[in-house]
Every structure is written in structure tokens, then in C-alpha cells.
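Step one of this worksheet: look at the structure below.
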Amino acid sequence: MKFNKFFKVVAAIAVMPMFFSCGAPKAVTSELKEVSVPLSSKEYRSDATYFRATGIGESPDLVTAKKIATLNARTEIAASIQATMKAVSEQYLNQVTVGNKQEYASKFEETSRQVVNQVLEGVVVNEEKIFQGKDGKYQYYINVQMPKEPVVKNAVDAISKDEKLALEFDKFQFQKTFDAEMAKFENQ
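Read in order, the letters of the sequence shown correspond to residues 434 to 621 in my numbering.
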């Protein structure tokens with residue numbers, strides 16, 4: 434009898450937290466605050482004419498914050514150009530008829546990588562913003578841009594200099610493919 438009473442008390446204590454925790458769900462949105470990120474609106478993103486990227490850097494030292502932001506932006510724009518060139522290469526190679534397509538594709542992609550490394554010298558600062566927090570740290574935002582034309586020109590020049598690539602290269606088709614890929618940025 435005593436054991437049965439003891440068991441009921443223990444069971445009641447074990448079940449009680451479930452009743453108290455089953456209240457109405459808490460509104461998560463009241464704990465969240467929307468944050469506006471500088472230099473992130475549409476005019477700071479890549480479009481049909483420009484590759485663009487925004488970098489953010491934070492440091493107690495302003496110069497270091499700027500270096501971090503600039504490095505991040507340049508890395509992002511390089512990745513964007515590289516991805517676009519890869520997509521253009523794949524689409525272009527699917528549209529042209531080439532004897533040894535495998536070798537041509539490999540050489541074409543190698544040339545594209547070289548072009549990306551060369552054109553990064555033409556990246557310019559579009560806009561920058563600096564903030565300083567209560568803790569004294571600087572937040573540096575920088576947006577950089579690169580017109581598409583030097584990328585296309587450098588790619589065409591590099592391909593034209595390579596005898597194997599130049600034999601099968603269709604500049605008009607390449608430009609058309611590149612423009613179509615850049616137009617996709619408008620819809621993002």
C-alpha cells in the first residue's frame with residue numbers, strides 16, 4: 434500500500450513539468466530584429482554590364498578593416514567572373530563543332546582561368562561605407578565593380594593568340610553566349 438502511494442506521488446511529480454511547459458508558443462519574431470546590410474541592394478549587384486561584389490571587414494584598426502573588406506570583395510568578384518566564364522565556356526562549347534572537343538574544352542577553360550587572373554587588375558571601387566561600433570571596432574563595407582567588356586576582350590585576345598583555339602573560335606558566338614550569361618544577373 435505504501436509503495437503504491439509512493440509510486441503515485443513520484444509519477445505525479447514526473448508528469449507535472451509537461452503540464453507547465455505546454456503553454457502557448459512564444460513568438461520567435463519578437464526576439465529577431467531585421468538587419469539592413471549596407472551596399473547590398475540591387476544597384477550593388479552584378480548586372481548585364483558590370484560584375485560587382487561587396488566585401489565586409491571588421492577590426493579595431495581602420496586600415497585592417499579596409500584590407501579585409503577589399504580582399505573579401507575581390508575574392509567574391511573573382512569567383513563571380515570565374516563562374517560566368519565557366520558557364521560561358523560550357524555553353525559555347527556545346528554550340529560549336531570541334532574536332533577533338535575534349536582537348537579543345539580543356540585548353541579553352543585553361544585560357545579562361547588566365548583571363549580571370551589578368552582582368553582583376555581592372556577592378557575599381559564603386560562605393561564604400563565605414564561604421565564604428567560602441568566597442569571601438571570598425572566595420573568597413575566596400576563594393577567593387579568590373580565592366581564585362583575587358584573580360585570579353587581579354588578572353589577573345591587570349592583565344593586568338595592560341596593557334597589551336599583560334600582555328601575553331603567563333604567570336605560572334607562567344608560574345609552572344611557571354612551576353613546571355615550576363616543577362617541572367619538581371620533576374621537575380
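Yeah, the Cβ is synthetic: ideal placement off N, Cα and C, and Gly gets one too.
(Q) I'd like the list of long-range same chain contacts for Asn587, defined as Cβ closer than 7 Å, with 5 residues on each side in sequence excluded. (A) Here the question's residue 587 lines up with position 154 in the sequence shown. Here the set comprises Val548, Gln551, Val552.
**Q.** CA nearest to the CA of Asn559, picked from Ala520, Glu542, Met579
**A.** Position 126 of the sequence shown holds residue 559. Nearest neighbour of Asn559 by Cα position, chosen from Ala520, Glu542, Met579, turns out to be Met579.
Q. So Gln565 is in the beta strand (DSSP E); what residue range does that whole segment cover?
A. The sequence position of residue 565 within the sequence shown is 132, counting from 1. Looking at the DSSP string, the run of the beta strand (DSSP E) that includes Gln565 is 557-565.
Q. Terminal residues of the continuous alpha helix (DSSP H) containing Pro583?
A. In the sequence shown, residue 583 corresponds to position 150, counting from 1. Run containing Pro583: 581-594, per the alpha helix (DSSP H) assignment.
Q. The alpha helix (DSSP H) with Ser522 in it runs from where to where?
A. Counting from one through the sequence shown, the residue named residue 522 turns up at place 89. Start and end: 495-528.
Q) Would you say Ser513 and Ile501 are within 8 Å of each other, going by their C-beta atoms? A) What you label residue 513 is simply residue 80 of the sequence shown in a count that begins at 1. What you label residue 501 is simply residue 68 of the sequence shown in a count that begins at 1. In this structure, Ser513 keeps its C-beta atom at 8 Å or more from the C-beta atom of Ile501.
Q: Going by DSSP, name the residue or residues bridged to Val485.
A: Translated into positions along the sequence shown, residue 485 becomes position 52. This sequence places Arg at residue 485; Val is not what is there. Looking at the DSSP output, Arg485 sits in a beta bridge with Gln578.
Q: Leaving aside the five residues before and after Phe440 along the sequence, list all residues of the same chain whose C-beta is less than 7 Å from its C-beta, in chain order.
A: To locate residue 440, count along the sequence shown from 1; it is residue 7. Its pLDDT being 48, under 50, Phe440 is placed unreliably by the model, and the measurement read from it follows with that caveat. Closer than 7 Å at the Cβ level, and outside the excluded window around Phe440, lies no residue.
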